[in-house]
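Undergrad: Numbering of the sequence shown is given in this note's numbering, commencing with residue 791 and proceeding in unit increments.
For each residue, glycine too, the CB sits at the ideal point set by N, CA and C.
The structure presented is a predicted model; accordingly, all values stated were derived computationally and were not measured.
One structure coming up, written as structure tokens, with questions to follow.
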Amino acid sequence: MLQQDDVQSAEMLRDACQRVAEQMSKVIVGQQEVVQQLLIALLGQGHCLLIGVPGLAKTLMVRTLARTLSLQFNR
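Here is the structure:
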């Protein structure tokens, strides 16, 4: 059975992810699923490979995620 603290922690994490996704959607339009997948990879301490033709805003998406989370971005 889940402890109340675990439930609250999960809810706080969900809310934080939603806020990050909302902030990113102000810059990145129509890529909500990709943003969610990026957040899942980040939270799971995994890797994410963005593949696509030039002009799909892959770099902008990662730069926006870094800015939203106050992280460094280098290309």
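1) Got a sec? Which residues, its chain only, sit under 7 Å from Leu855 by beta carbon, not counting five neighbours each side?
2) Going by DSSP, what residue range makes up the alpha helix (DSSP H) through Gln794?
3) Just how far apart, CA to CA, sit Gly836 and Glu823?
4) Could you give the DSSP three-state label for Ala831: helix, strand or coil?
5) Check Ala856 in the structure and name its three-state DSSP category.
TA: Looking at the atomic coordinates:
1) Locating residue 855 in the sequence shown gives position 65, counting from the first residue. Sequence-distant Cβ neighbours of Leu855 in its own chain, meaning closer than 7 Å and more than five residues away, are Met814, Leu828.
2) Working through the sequence shown from its first residue, we reach residue 794 at position 4. Segment 794–815, the alpha helix (DSSP H) holding Gln794.
3) To locate residue 836, count along the sequence shown from 1; it is residue 46. To locate residue 823, count along the sequence shown from 1; it is residue 33. In this structure, the CA atom of Gly836 is about 17 Å from the CA atom of Glu823.
4) By 1-based counting over the sequence shown, the position of residue 831 is 41. Secondary structure of Ala831 (DSSP, three-state): helix.
5) One-based indexing of the sequence shown puts residue 856 at position 66. Ala856 falls in the helix class under three-state DSSP.
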